Amino acid sequence: MKRYVYINDDESAHDLYCDNRISNRKYTVLNFIPKNLWEQFSRFMNQYFLLIACLQLWSLITPVNPASTWGPLIFIFAVSATKEAWDDYHRYLSDKKANEKEVWVVRNGIKKLIQAQDIHVGNIVWLRENDEVPCDLVLIGSSDPQGLCYIETAAMDGETDLKTRVIPSACMGIDVELLHKIKGVIECPTPNKDIRRFDANMRLFPPFIDNDICPLTIKNTVLQSCYLRNTEWACGVAVYTGNETKLGMSRGIPEPKLTAMDAMIDKLTGAIFVFQIVVVMVLGIAGNVWKDTEAKKQWYVLYPDKGPWYELLIIPLRFELLCSIMIPISIKVSLDLVKGLYAKFIDWDHRMVDLETSTPSNATNTAISEDLGQVEYILTDKTGTLTENKMIFRRCCISGIFYGNENGDALKDVELLHAVSSGSPDVVQFLTIMAICNTVIPTQSKTGDILYKAQSQDEDALVQAAAHLHMVFFNKSGNILEVKFNSSVLQYEVLETLEFTSDRKRMSLVLRDCQNGKILLLSKGADEAILPYARTGQQTRNFVEAVEQYAHLGLRTLCLAWRELREDEYREWSLMFREANSTLVDREWRVAEVCQRIEHNLEVLGVTAIEDRLQDGVPETIETLRKAGINFWMLTGDKQNTAIQIALSCNFISPEPKGQLLSIDGKTEDEVRRSLERVLLTMRITTSEPKDVAFVIDGWALDFALNHYRKAFTELAILSRTAICCRVTPSQKAQLVQILKSCDYRTLAIGDGGNDVRMIQQADIGVGISGREGLQAARAADYSIGKFRFLKRLILVHGRYSYNRTAFLSQYSFYKSLLICFIQIFFSFISGVSGTSLFNSVSLMAYNVFYTSVPVLVSVLDKDLSEETVIQHPQILFYCQAGRLLNPSTFAGWFGRSLFHAVVVFLISIHAYAYDKSEMEEVSMVALSGCIWLQAFVVAMETNSFTILQHLAIWGNLAGFYAINWIFSALPASGMYTIMFRLCRQPSYWISIFLMTAAGMSPILAIKYFRYTYRPSKINTLQQAERLGGPILSLGTIEPQPRPLIEKDVSTLSITQPKNRNPVYEPLLSDSPNATRRSSGTPFDFFQSQSRSSLPNYSRNCKDN
Amino acid sequence: MMEPHSAPTPKKYSKKPKYSKFSQQELPAWKPILTPGWVISTFTVVGIVFIPVGLASLFSSESVEEAAIRYDDKCLNEIHAQNAVAFIKSDMTNKTCTTSWTVERKMQGPIFIYYQLDNYYQNHRRYVKSRNDKQLVNPASEGDTTNCYPQDKTNGSMPIVPCGLIAWSLFNDTYKFWVNTKSLTVNKKDISWGSDRSHKFGSKVYPKNFQLGGLVGGAKLDENIPLNQQEDLIVWMRTAALPSFRKLYGKIETNLEVNDSVEIVIENNYNTYEFGGNKRLILSTATWIGGKNPFLGMAYLFVGGVSLLCAIVFILLYVIKPRPLGDPSYLSWNKNPGILK
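Laid out in structure tokens, this is it:
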């Protein structure tokens, strides 16, 4: 299937393809009611209630007025529908914002500012620097004379370095003015979600290059949600628009999420339903038997001799209706209401507002807050989530002298400034390398400022820093680089560029110093790629220490080195280099090999330290959450080493000997299998030890592991508390979430970029960081927060409270429904098993939706422990994770309690109001009052902290009960006219009520007190300690501060650290299967040292060698 | 709480949610815990309050004088005992019977006369619903006999007033009393609830077509007396919640002295033989707590006693096996850090 896009043809494509309107909406105005009703009725509970409500319309069997079910039912549906409508309206608003963003588009040959939603396939869209790309475009022009433009794809794949995109050869050299008039056709595939492929052709119509089919690749496209960077302008033809863009296609439809708690409540509801059916059957049979044996003798009942054919069904159906209140109809409304409030509490929380950007936290999904308290696995993205995604040059070490250690910023270090101004040769050379050993292109803006276009943010940071230190790289024309140092201009001619690859981990330039004609080799790279090649005799200890120290601070380090080349040495080498560059087979490896031959004997100058600062509080947050029993997995598109480094610096994994990092890698299926088995074996052995074992896997190996060894990998996933997955694609992230979910773990995925969207949607809870990579993730997520550290509060405070509150609320809802239902059942035994309702319709309805709902709703304010205590003792989250507060056994407790209370209320009512007092309405109200009093005390007993609102709701509700019933008692038309006045005047009424309360609550109080004091749960212990101000408050300090504040400790640290750093993570990675291959001799020790950190390309080639 | 460095520029606050103690979940709260002091004193107080109240209730219940005379069996002679149902259903038989009773302790007037029925399900669903409240109060709704089936219409399809099973099965035994051969007036005024007479039963609603159907249930009503004066009916229509119930028949305003011999003439009309129910005649005085019912007093004594016992047990436990509250050593993670669960 192909689509043909006619460039700049205003008419043809309008009907064929959709416009650029993005729509995440579920409903339209028209289909809202039918679709919403259909969705609501697909839930079992709602079907059940509807059935009950319909049965109640049959007056022969209904015990009460049908309004008592229809009213709440309609109310519930209205509430749900309103909520859905509200959510959908917000989705509409956010879509609208994106749709109405203004972009420049060529219309009828004129550039016009139109709304993004009006872009059609075939339109030419103009982008300016830092614009977000509104739809998928094929480039046709750029401000760059070479036709390049730079884009940031972070929102798409999470990679933050700039990518170059190039205009197709066919469009090269077309004048800017003519671009408006360009015509042609692009033949491209139908919309798909593959963001790495775009196999298409383009043919321009005359007067442009005629009949020349030009192939297009993904390099010629800019995709929706990318940003144009470092390019003044670019323009392109829209090929995919709206929901058909590659990003839109991969977005997928989010499935509605159900919390573990909802599932448990559903399960308990199911159990109650079964119980209800059993009760109905038993009572139904008993009722029919009684009818046939006894009722026929009760002449005043006038049972006909022969009833209708359905006679046998009448009594069971009556009991079904009578018992239908066992499943509380109010529970869904109550839960929806409190869940909405939990979400609001998150929105409102001042301690979760990111003050830098003044972004408050936001709960988009209002229904899953309880799940936050039950999280077992957190899958986190790295860049932008754990880090701030801002590279800043912070420190350096030049010839053994540390700069920037005192104030944390080398650029402000007086000593360095002094060294620069005094022209210390090492320092000057160091700055030169910083300034020019890169692929940065300097440009001058109109105001004369120099702007740098860098593909890597690290290089950008270095060049900027060099410029700050008066070494300004200001021009690059052809091969000539011009640098201004102080006031003198230095020129260099680039002879060769030895490019950076992630496997070589360094880049070098060979250049001629135009001042004196010397040929220089400038290198910069990772320490393990530079330090081993220092010239013999140079002491690299200083640098090793520096690297170690910086890495310890979580800084990204680069070593800078140089040497002078002899003319003949260079000539000889350059021949080899050219040859290698033109080989067809294994070119990359050949080039690397040749580069190796010249990059040795280096004069190491120093180490730079760049900070991609961890966000504030990340290590502490991870430490706290891990203490809370949550496992962390880091899924990143980044390199393995960077990932490990960040992991180390944010407490993700512990360094040896406390922690152990196992690596799974391999290039072939077999290698991966062996590696996986080895890791699994180690993991099984070490699970018993108190050791942090983590594994690291890259995307390639993960692919095999997921597709072929899913079982083994799943076992690994269960065993390992920590994992680092690097170079993973968005879909692999989602697959990993899927694996953990399939093991029945509650997963939370947190990320900030478009590449995390699928993972976020897949996970039980998706959290988006509204960060620098746009709002993609935040929009797709259930919760969006400004900073990673808020996760701690989100889980420990909001998640935990939500879980606790819902646990109470849901079980209480069942308790009160069962209570009244049991009384009805008991009453049926003394009313000839005929299905009479003791309570009247008004009471029944008000009981469920009013008397018992209001007090329990304020349980959303209850706090069992203060926030501080929870944060200090995150382990307490275990109760929520393990579901200790809502499970069949706690539910059995509530079930028993309602049974006991029903017995108490019923027996006392019928005995105290026996004989001459046994008037139906009075007995009914006595029993109802008993229920209300008991439930008020039950709520009070289960409340841990009483705010004014709780007092109001609990005791006010009790008063409200009397007020309402007095009102009803004052209405002559109501069935209970004067009843409540009569009762309240009788001493025996009050005596009975107090008796019920005392008899019902005493055993509960006694048991609770006994448990609380002699079998306390951890929560109880903490409560006691907190309230009594015991020693527990100081306990927080027993745990050492997770990370000592390092700034001052740097020097001591560097001395005490073991000196086994090269290669840095050798001990951690020694279990890698590649390690065994290390001794199989290859000519270049470079590859040996590389092979252990999983460089599959090379290992394969080494073997071939 | 707000961070100190949040500069108060309006822009910064624009997106920031409004602060309130409620939204921050920081409302001042009272956080009680179950300390031994609280719990033990609660139980003690309950015990101390409940035992005297129980004693008082029991005492007043005991001070009620009550006489219960079962007559459904007494009023059957040997001949009819074989076929009690036929006897009671027949119009021909003489159902008057006489019984006597000697006052054992002085009864202070007013003395309430109740009839008690056992095994009679006034709360049966078919029965309890079989009435129409509108018809009872409003003459205009005479024809409204919804819910009254099968006693809604006569065979000639005329609406029955009052309709329904409850009214149809109205109790129709009557009692006459002679004390020491002197006739005793039974006051049958104001035996029903005033509110029923004023608002539930109409003063302009007269019985119509009552007991004219094929089946005759209980008592007939005088068609010239409006419903709100038919107090026996009003009492009967207040259905009982229990299958064993008493209903007020009338009041004796005078005292009955010890050894007074009371002669009672009973018209034994009401059919309880068919379902094996009992009929009793009750004469009872009343106190502030109502009639004779020791249940509340006993229950109070029991609950109060158990509470005191609980208090004592908890005190003993507290003394013998004291346990410091909130001891952090109970937190497992403090015992062996690093390993959870």
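These protein sequence lines map, in sequence, to chains A and B. Under numbering that gives the first Met the number 0, the first sequence has 586 at position 587, and the numbering climbs by one with no breaks. Under numbering that gives the first Met the number 0, the second sequence has 297 at position 298, and the numbering climbs by one with no breaks. The beta-carbon is built from N, C-alpha and C at its ideal position, and this holds for glycine as well. Treat the numbers as computed from the prediction; the structure is a model and nothing was measured.
Whose Cβ in chain A lies nearer than 8 Å to the Cβ of residue 341(B)?
-> The first residue shown for chain B is 0 and the last is 340, placing residue 341(B) beyond what the model contains.
Buried or exposed: residue 443(A), going by 16 or more other Cβ atoms within 10 Å of its Cβ?
-> exposed
Can you give the Cα-Cα distance for residue 412(A) and residue 226(A), rounded to whole angstroms?
-> 35 Å
Applying a beta-carbon distance threshold of less than 9 Å, which residues of chain B neighbour residue 943(A)?
-> 28, 30, 31, 32
Thinking C-alpha only, which one of 624(A), 552(A), 669(A) is nearest residue 613(A)?
-> 552(A)
Exposed or buried, which one is residue 958(A) when buried takes at least 16 other CB atoms within 10 Å?
-> exposed
Out of curiosity, what's the CA-to-CA distance linking residue 457(A) and residue 223(A)?
-> 26 Å
Does the beta-carbon distance from residue 336(A) to residue 856(A) come in below 9 Å?
-> yes
Identify, in the order they occur along the chain, each residue of the same chain with its Cβ nearer than 6 Å to the Cβ of residue 533(A), setting aside the five sequence neighbours on each side.
-> 539, 601, 603
Examine chain A for any beta-carbon lying closer than 9 Å to the beta-carbon of residue 289(B), and answer yes or no.
-> yes
Min CB distance residue 205(B) to chain A below 9 Å | no
Pick out whichever of 633(A), 624(A), 724(A) has its Cα sitting closest to the Cα of residue 664(A).
-> 724(A)
Nearest-angstrom Cα distance between residue 971(A) and residue 195(B)?
-> 9 Å
Among 204(A), 174(A), 191(A), 1007(A), nearest to residue 185(A) - alpha-carbon criterion | 204(A)
Contact test: residue 757(A) Cβ vs the ligand ADP heavy atom, cutoff 8 Å | The ligand content of the structure shown is nil, which means the ligand ADP is not present either.
Where does residue 242(A) sit, in a helix, a strand or coil, going by DSSP?
-> helix
At 8 Å on the CB atoms, spell out the chain B contacts of residue 300(A), in chain order.
-> 120, 123, 125, 126, 164
Cα-Cα, which of 507(A), 491(A), 500(A) is closest to residue 516(A)?
-> 491(A)
Which residues bound the alpha helix (DSSP H) around residue 287(A)?
-> 259–289
Euclidean distance between Cα positions of residue 186(B) and residue 62(B) | 23 Å
Pick out whichever of 145(B), 91(B), 255(B) has its Cα sitting closest to the Cα of residue 182(B).
-> 255(B)
Pick helix, strand or coil for residue 330(B), following the three-state DSSP scheme.
-> coil
Any idea what DSSP makes of residue 639(A), helix, strand or coil?
-> helix
Could you list which residues in chain B have their beta carbon closer than 8 Å to that of residue 575(A), in chain order?
-> The contacting residues do not exist; residue 575(A) stays about 56 Å from chain B at best.
At 3 residues or longer, and completely inside the stretch 182–238 of chain A: list those beta strand (DSSP E) runs for me, N to C.
-> 183–188, 199–203, 213–215, 226–228
Spell out whether any CB of chain A is found under 9 Å from the CB atom of residue 62(B).
-> no
Sequence-distant residues of the same chain with beta carbon closer than 6 Å to residue 733(A), five excluded per side = 757, 758, 761
Among 118(A), 113(A), 177(A), nearest to residue 141(A) - alpha-carbon criterion = 177(A)
Sorted by chain position, which residues of the same chain lie with C-beta nearer than 7 Å to residue 926(A)'s C-beta, five sequence neighbours on each side aside?
-> 822, 837, 904, 905, 908
How many angstroms separate the CA atom of residue 218(A) from the CA atom of residue 198(A)?
-> 10 Å
Residue 397(A) versus residue 430(A): straight-line alpha-carbon distance, rounded = 10 Å
Shorter than 9 Å from the beta carbon of residue 344(A) to some beta carbon of chain B?
-> yes
Runs of alpha helix (DSSP H) lying entirely within the stretch 37–111 of chain B, each at least 4 residues, in chain order = 77–80, 83–88
Counting contacts by CB-CB distance shorter than 9 Å, is residue 825(A) in contact with chain B?
-> no
Any residues in the stretch 331–356 of chain A with a beta carbon nearer than 9 Å to a beta carbon of chain B? Which ones, in chain order?
-> 343, 344, 346, 347, 348, 349, 350, 352, 354, 356
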